Amino acid sequence: MQGRGGCGWGRCGSPWALLPDAGLLMRPTFLLPPVLLLLLLGGSAGTVRGQERGQGPPKPFELLYNLGVEAFSAGDFQAAVRYLEQALTSRRRLREERLRCRLECGVRAPLGTARGGGPAWELRFLRALLERARCMGRCEREDEESRPVQHRAAASARVLSRSPADVRLDFGKRIPYSYLQQAYSQMNQMEKAAEAAYTFLMANPEHMAVPSPDGNTETESGAKLVDREAQPHLEHYREAIEYYEADDFQAAIKSFEQALKEYFKADKECRVLCEWSQSYRDYDHLAKTDGFYEVIAGLYSQRLICEHDCVRDLSTWPGQLSPIENFLPLHYDYLQFSYYQVGDYVKALECSRAYLLFHPDDEDVQDNVKFYESVLEESVDPQTIKAREDATMFMKRHKLESELIRSAVVNLDISYTEQNPWTHAGGEQEDTQVLSETGNRMAGTPEQSMGKQSVASLHRVTREGGPLLYSHVKFVYNSEQLNGTQRMLLDNVLSEEECRELQSMASRIMLAGSGYQGEVSPLTPNEKFEGATILRALKFGYEGRVPLKSARLFYDISEKARKIVESYFMLNSTLYFSFTHLVCRTPLSDQPQNRDDLSHPIHADNCFLDSDTNECWKEFPLAARDYSAILYMNEDFEGGEFIFTGMDSQTVTASIKPKCGRMVSFSSGRENPHGVKAVTKGQRCAVALWFTLDPLYRELERLQADEMIRQWTHEQSINPKDEL
821 MQGRGGCGWG
831 RCGSPWALLP
841 DAGLLMRPTF
851 LLPPVLLLLL
861 LGGSAGTVRG
871 QERGQGPPKP
881 FELLYNLGVE
891 AFSAGDFQAA
901 VRYLEQALTS
911 RRRLREERLR
921 CRLECGVRAP
931 LGTARGGGPA
941 WELRFLRALL
951 ERARCMGRCE
961 REDEESRPVQ
971 HRAAASARVL
981 SRSPADVRLD
991 FGKRIPYSYL
1001 QQAYSQMNQM
1011 EKAAEAAYTF
1021 LMANPEHMAV
1031 PSPDGNTETE
1041 SGAKLVDREA
1051 QPHLEHYREA
1061 IEYYEADDFQ
1071 AAIKSFEQAL
1081 KEYFKADKEC
1091 RVLCEWSQSY
1101 RDYDHLAKTD
1111 GFYEVIAGLY
1121 SQRLICEHDC
1131 VRDLSTWPGQ
1141 LSPIENFLPL
1151 HYDYLQFSYY
1161 QVGDYVKALE
1171 CSRAYLLFHP
1181 DDEDVQDNVK
1191 FYESVLEESV
1201 DPQTIKARED
1211 ATMFMKRHKL
1221 ESELIRSAVV
1231 NLDISYTEQN
1241 PWTHAGGEQE
1251 DTQVLSETGN
1261 RMAGTPEQSM
1271 GKQSVASLHR
1281 VTREGGPLLY
1291 SHVKFVYNSE
1301 QLNGTQRMLL
1311 DNVLSEEECR
1321 ELQSMASRIM
1331 LAGSGYQGEV
1341 SPLTPNEKFE
1351 GATILRALKF
1361 GYEGRVPLKS
1371 ARLFYDISEK
1381 ARKIVESYFM
1391 LNSTLYFSFT
1401 HLVCRTPLSD
1411 QPQNRDDLSH
1421 PIHADNCFLD
1431 SDTNECWKEF
1441 PLAARDYSAI
1451 LYMNEDFEGG
1461 EFIFTGMDSQ
1471 TVTASIKPKC
1481 GRMVSFSSGR
1491 ENPHGVKAVT
1501 KGQRCAVALW
1511 FTLDPLYREL
1521 ERLQADEMIR
1531 QWTHEQSINP
1541 KDEL
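Counting with the numbering used here, you get residues 821 to 1544 for the letters of the sequence shown.
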């Protein structure tokens, strides 16, 4: 298990893994892991913002970025910081100027004024179109001409080490911040290094370094670290969820309303910037079309598709492949319950009706609407209370866009497949929160759903004892027998043959310290630590470097464990993978067998354990973990017992000896501190699994692995399990 001494935030690795041509760069010899920088912070948090509006014209950010990378490679960290910060500012200002031009020209030359019938209508529309083009052309020329001649000349004459397309890709991955945190640390500007690292890691959780022991994301002066690329609508949404979970419904309402305000602002900007895009799909197809109207309609349809996809872009957390499920509708669902809690039934009804615009067949929300109507009917006519205007206008436009795009796909042969952004995974609605399970919040009313468990298992009821799903799996101990809560121990989850096959594969795919910045002994200096992720195993399988059957076995047994955990703990919402890791621990040859250190120090999986204060501090994304499981592959070693302890990290409450096919599972919070005793002889191997109830924090590599399995299944027209 990973916690205070290990990979607490998921798939770990050095930010160097994402630096272009990292092997050619001069790597600092005393570089600190990014998040450990937080331990050294002092004074006020400092963020170099570079040139702000009014401090001079922007320079080409592609050129500045390449200059910064070159300076970094040469060891000139001061110049690297200067160029990289200027590149970030230049790119930000360029976006602002593009937005300003589009918005101002939209007001000065609105296309909607060219209305009316008759042959003159097309001429009026053409005049409006030409005026819009003239306005935007003039605006952009002014922006271009404001750049210093020497910089424009340099940008055109210089052969950039990375192409503009590659630079844009790096910015999308926040690679400049990875360079910045390295450069700032070399300059001993630790606060700025920490903030750059924090910004990079928020969009690249798979590169999380070892977290600080207390999980602190504040400076010693108390200043909070800032994600410099944070999207306001997502930040307010996360804040609102935290208030909602804490039953602070007034604060939740304020944050959800602000999140919606920021969402619609971001949606407008996203749509405007679609006019900027020059990479519309099927451009070659459109260029070959002879018809005048077909070309015009095709170009506009491509822009419309770009605008239509904004709903997906705005629902996707940085660093994630998939959008947050049901993102926009959830705002209204949470709001309807929050408004109910503060006694504002009119707004609760408005929000319920808004949610039904997205999911008109949701029976639970339909029941909520009936309840609100019954409460309000004595004081107001409920039928006069309509769905919120922001949701109504949004859905009208979204449905019309869908209709037009479908027409373009059919009539213009444009390739586009629309996915329903409001559908939950698998096309199923999330299980609802039943009032009888939440303390009967609406006392005196019929039991009905007044809020969904859509994120992080809100108000989750802890239960256990559900079916194990597989007849060969043997139940051993429950929570009471393990002297704790939300714990279980099973045997026979794997067969002897499966254990041998996994061990054989592990010996060929593991990396020393995999996920721990390449450190051979990240948890104790007395043992060698090796590991491999699910994606690495599948890639090796598809490349023929290990049997594909073995790689698929790793994939399938982890899915088997997930289903067992979800069923046994009687979870009423989907359990997702947070991290999947095959790990082995081997004592170093020169170590005594009577060691008293721990192979893995005592920790909790979703918070930073402080045994001195009896606290466990939560920070996202680590806090998103809900359940953990360890599936053991062998027993031919000495030591290595898994132990549960009390919050003092000293009192052992249960000890488990690993063996092939044995699985221990437990909730990931402060109620289950645990660790691993020293491995004194042989090699101890296991599959370590962490799960989350929040789809926002699903494992990135797992999603990629799922896609590989789907593609392989489609290509071979067989079920991968048939080969096992």
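By construction, the Cβ of each residue, glycine as well, lies at the ideal position given by its N, Cα and C atoms. Being a predicted model, the structure only gives us computed values, none of them experimental.
Using 8 Å for Cβ pairs, my map puts residue i next to residue j. What's the rounded Cβ distance?
i, j, result
"residue 1430", "residue 1445", "Actually they are not in contact, since the Cβ atoms of residue 1430 and residue 1445 sit about 18 Å apart, beyond 8 Å."
"residue 1064", "residue 1135", "Rounded, the Cβ-Cβ distance is 18 Å, inconsistent with contact."
"residue 1494", "residue 1465", "7 Å"
"residue 1313", "residue 1381", "7 Å"
"residue 1473", "residue 1419", "Incorrect: roughly 18 Å between the Cβ atoms, too far for contact."
"residue 1545", "residue 1175", "What the structure shows of the chain is the stretch from 821 to 1544, and residue 1545 is not part of that stretch, so it cannot be assessed."
"residue 908", "residue 996", "6 Å"
"residue 1284", "residue 1298", "7 Å"
"residue 1090", "residue 1047", "About 19 Å; that fails the 8 Å criterion."
"residue 959", "residue 924", "7 Å"
If you reduce the DSSP assignment to three classes, tell me which class residue i lands in.
i, result
"residue 1250", "Bear in mind that the predicted position of residue 1250 carries a pLDDT of just 34, short of 50, making it unreliable; the figure below should be weighed with that in mind. Coil."
"residue 1423", "strand"
"residue 1047", "coil"
"residue 1532", "helix"
"residue 859", "Per-residue confidence for residue 859 stands at a pLDDT of 39, beneath the threshold of 50, marking its modelled position as unreliable; no derived number is given."
"residue 1187", "helix"
"residue 1164", "coil"
"residue 1351", "strand"
"residue 900", "helix"
"residue 1286", "coil"
"residue 1094", "coil"
"residue 1391", "coil"
"residue 994", "coil"
"residue 1132", "helix"
"residue 1524", "helix"
"residue 1169", "helix"
"residue 1220", "helix"
"residue 1343", "coil"
"residue 1125", "helix"
"residue 1001", "helix"
"residue 1325", "helix"
Grab the span of the beta strand (DSSP E) containing residue i for me, first residue to last.
i, result
"residue 1405", "1396 to 1407"
"residue 1473", "1472 to 1476"
"residue 1145", "From DSSP, residue 1145 is part of no beta strand (DSSP E); its letter is neither H nor E."
"residue 1494", "1494 to 1497"
"residue 1205", "First-last for residue 1205: undefined, no H or E at that position."
"residue 1464", "1462 to 1465"
"residue 1430", "1428 to 1430"
"residue 1015", "No beta strand (DSSP E) holds residue 1015; the alpha helix (DSSP H) holding it covers 1010 to 1023."
"residue 1435", "1435 to 1437"
According to DSSP, what are the bridge partners of residue i?
i, result
"residue 1294", "1311"
"residue 1484", "1309, 1450"
"residue 1504", "1405"
"residue 1300", "Bridge partners of residue 1300: none, in fact."
"residue 1511", "1397, 1447"
"residue 1331", "1351"
"residue 1418", "1497"
For the alpha helix (DSSP H) that residue i lies in, which residues bound it at each end?
i, result
"residue 1566", "A query on residue 1566 cannot be resolved here, the shown segment of the chain reaching from 821 to 1544 and no further."
"residue 881", "881 to 893"
"residue 1458", "Segment 1457 to 1459 is the beta strand (DSSP E) holding residue 1458; no alpha helix (DSSP H) there."
"residue 1059", "1052 to 1065"
Pairing CB atoms from the region 1313 to 1327 with CB atoms from the region 1365 to 1375, are three or more of them under 8 Å? Taking 8 Å as the limit for Cβ pairs, the verdict is that the region 1365 to 1375 does touch the region 1313 to 1327.
Please determine if the region 1447 to 1454 and the region 1516 to 1531 are in contact, where contact requires at least 3 C-beta pairs separated by less than 8 Å. Judged by Cβ distances under 8 Å, the region 1447 to 1454 makes no contact with the region 1516 to 1531, as fewer than three pairs qualify.
If contact is defined by three or more beta carbon pairs under 8 Å, each pair taking one atom from either stretch, is the region 1114 to 1126 in contact with the region 1202 to 1212? No contact exists between the region 1202 to 1212 and the region 1114 to 1126.
Touch test, the region 1347 to 1355 against the region 1478 to 1488, Cβ-Cβ under 8 Å, three pairs minimum: By the criterion of at least three beta-carbon pairs nearer than 8 Å, the region 1347 to 1355 is not in contact with the region 1478 to 1488.
Contact between the region 1183 to 1197 and the region 1229 to 1243 (3+ Cβ pairs under 8 Å): When Cβ pairs closer than 8 Å are counted between the two stretches, the region 1183 to 1197 is seen not to touch the region 1229 to 1243, the count staying below three.
Any chance the region 1383 to 1398 sits against the region 1288 to 1303, with 3 or more Cβ pairs inside 8 Å? They touch, by the three-pair rule.
Evaluate the contact criterion for the region 1070 to 1088 versus the region 1043 to 1059: three or more CB pairs, one atom per stretch, below 8 Å. Judged by Cβ distances under 8 Å, the region 1070 to 1088 makes contact with the region 1043 to 1059, as three or more pairs qualify.
The region 981 to 991 / the region 1013 to 1024 touching (three or more Cβ pairs under 8 Å): Using a Cβ-Cβ distance cut-off of 8 Å, the region 981 to 991 and the region 1013 to 1024 are not in contact, since fewer than three pairs of beta carbons, one from each stretch, lie closer than that value.
Would you call the region 1499 to 1508 and the region 1455 to 1464 touching, i.e. three or more CB-CB distances under 8 Å? The region 1499 to 1508 vs the region 1455 to 1464: in contact.
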